[in-house]
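Scroll down for the structure; my scribbles are underneath it.
Chains as they are written, first to last, in the numbering used here: chain A, 1 to 247; chain B, 1001 to 1247.
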């Protein structure tokens, strides 16, 4: 089965792909690796499929593009190859127990342009893990933001998406993060004490979260020390068996 | 007042900043321009404040960063200068009728890292226009995605955010887009006929949109031919007077 790691630049997609892959291999599974990032310089894993064989951001910048334009253009040029790429990933899925897919450095290249939507749509029931870092979680509304963002990703990609707090090793009080991410009543109550504007929108959105969200649990991992990797594997197992219900 | 144009790379932020600025000047207003994109090569307007004076993606790539790392790092290095930058924008607001702020090329640099959140939080009631392109709107759930994304932005930035379909000049059937973006009952009904997964999440989310969303209207513009610019100005006027209610 194919497992996608998504998230913004700096959320730890590449590190997680490499470290979780080693973990799976240690558990006796065969693992395939796919790199979809046209802008990455060095990878900490050996990619079986690598989009940089077709195009790199660096090449496009040599053609005269600025960095943003080059990133967008690289995925435009990959679009005609989406079915070919999906076919290759499908073949790799046939040969290995798990295929880990490391997505574009800038998440929006994957989520807002057609490349990612078409690629995921061409695969058989892939599972998506949405990684985010504790450093963006300051105010109560930030927790609501990442919970909703996982739903938005699920809607856009049409694939089950599990929110994952990464970099657990950098966090002092884990319970603080667990409470805000797992207990929607607690979060909603805390939003009442925040200053208006953003918090008001968050309050309304969050109150609806239990109703609109499928019962998906939040995972807590550290790609650096491997904490929580067994939970990712559990979720992948459950997904393969139950196909959808990740309570 | 400060007006922010946000959106993914390629949604037309820079073109809109320049063209809407010229429109405002033509209407007799004085306009200030701010560039927050560390990666842009050439600007079609003269920036009064430009983050490239402090740091550019190109410089960081020369230091050895890859394009993604350089983008992230550039905003990390700008963070200690956020209050200084907000102060300068505030001063410019005092001198001009409108200050147009062109945000980072990659939207996530603005929305997911602290730079954008802190900057917007340091300004007095700025208004945000979230630009998106018709080419990402293919399936009914894509319309729900952009409507919710505007809410997510409002929640994260704590500033009123108005969704704007740009590139109207490239669209054949405008009514098709209007119907899907403005009539939530129509959109929800259409989602019922879509294949499950993504559409199911979208259906649940969309059904709640009228309840969770403040009454914000969607704008339709073309930065290329100036269509819809008077509507942006109307919304800005109303916002300045009513502060919040943009029905």
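Note that beta-carbon positions come from the ideal geometry of N, C-alpha and C, so glycine has one too.
Could one say the Cβ of residue 67/A lies closer than 8 Å to chain B's Cβ atoms, at least one of them?
-> yes
CB residue 236/A to CB residue 3/A, shorter than 8 Å?
-> yes
At a Cβ threshold of 8 Å, is residue 152/A touching chain B?
-> yes
Could one say the Cβ of residue 1088/B lies closer than 8 Å to chain A's Cβ atoms, at least one of them?
-> no
In chain order, which alpha helix (DSSP H) runs of at least 4 residues are fully inside the stretch 116-194 of chain A?
-> 140-157, 174-182, 184-191
List the whole-angstrom C-beta distance separating residue 249/A from residue 153/A, where the pair is believed to meet the contact cut-off of C-beta under 8 Å.
-> Beyond the ends of chain A as shown, which are 1 and 247, falls residue 249/A; an answer cannot be given.
Whole alpha helix (DSSP H) runs in the stretch 59-99 of chain A with 4 or more residues, listed along the chain?
-> 67-78, 82-95
Tell me whether the beta-carbon of residue 1032/B lies closer than 8 Å to the beta-carbon of residue 1079/B.
-> no
Chain A beta carbons: is any one of them nearer than 8 Å to that of residue 1001/B?
-> no
Determine whether the Cβ of residue 1201/B lies closer than 8 Å to any Cβ atom of chain A.
-> yes
Contact residues within the stretch 1004-1021 of chain B, judged by C-beta distance below 7 Å to chain A | 1008, 1009, 1010
Given that residue 1107/B touches chain A, what residues does it touch there, using C-beta distances under 7 Å?
-> 108
Would you verify that the beta carbon of residue 71/A is, or is not, closer than 8 Å to some beta carbon of chain B?
-> yes
Do you know offhand how far residue 53/A's Cα is from residue 1217/B's?
-> 44 Å
Per-residue contacts from residue 155/A into chain B (C-beta, under 7 Å) = 1141, 1144, 1145, 1198, 1201, 1202, 1205
Cα separation between residue 118/A and residue 103/A?
-> 13 Å
Does residue 41/A come within less than 8 Å of chain B when only Cβ atoms are used?
-> yes
Exposed or buried, what is residue 150/A when buried is set at 16 or more other beta-carbons lying within 10 Å of its beta-carbon?
-> buried
With a 10 Å radius around its C-beta and 16 neighbouring C-beta atoms as the bar for buried, classify residue 156/A as buried or exposed.
-> buried
Which residues bound the alpha helix (DSSP H) around residue 1047/B?
-> That residue, residue 1047/B, is in no alpha helix (DSSP H); it is neither H nor E in DSSP.
Locate the beta strand (DSSP E) running through residue 1003/B, then write down its first and last residues.
-> 1002-1006
When the Cα of residue 86/A is compared with those of 25/A, 99/A, 122/A, which residue comes out closest?
-> 122/A
Between the Cα of residue 1099/B and the Cα atoms of 1133/B, 1010/B, 1050/B, which residue gives the shortest distance?
-> 1050/B
Closer than 8 Å by beta-carbon distance: list the chain A residues that pair up with residue 1136/B, in chain order.
-> 112, 113, 114
So the alpha helix (DSSP H) residue 235/A belongs to, where does it begin and stop?
-> 229-242
What do you reckon, are the CB atoms on residue 65/A and residue 113/A nearer than 8 Å?
-> no
Mind checking which residues open and close the beta strand (DSSP E) that includes residue 1105/B?
-> Neither: residue 1105/B is in no beta strand (DSSP E) and is coded neither H nor E.
Which of helix, strand or coil DSSP assigns to residue 1023/B = helix
Counting pairs of beta carbons, one from the stretch 1005-1016 of chain B and one from the stretch 28-46 of chain A, are three or more of them closer than 8 Å?
-> no
Beta-carbon of residue 1212/B versus every beta-carbon of chain A: anything under 8 Å?
-> yes
Could you list which residues in chain B have their beta carbon closer than 7 Å to that of residue 57/A, in chain order?
-> 1067
Considering only residues of the same chain and omitting the five flanking positions on each side of residue 248/A, which have a CB-CB separation below 7 Å?
-> Because chain A spans 1 through 247 in this model, residue 248/A falls outside it and cannot be assessed.
Along the chain, where does the beta strand (DSSP E) that runs through residue 1034/B open and close?
-> 1031-1035
Indicate whether residue 38/A and residue 56/A have their beta-carbon atoms separated by less than 8 Å.
-> yes
Residue 148/A versus chain B: which residues are under 7 Å apart at the beta carbon?
-> 1152
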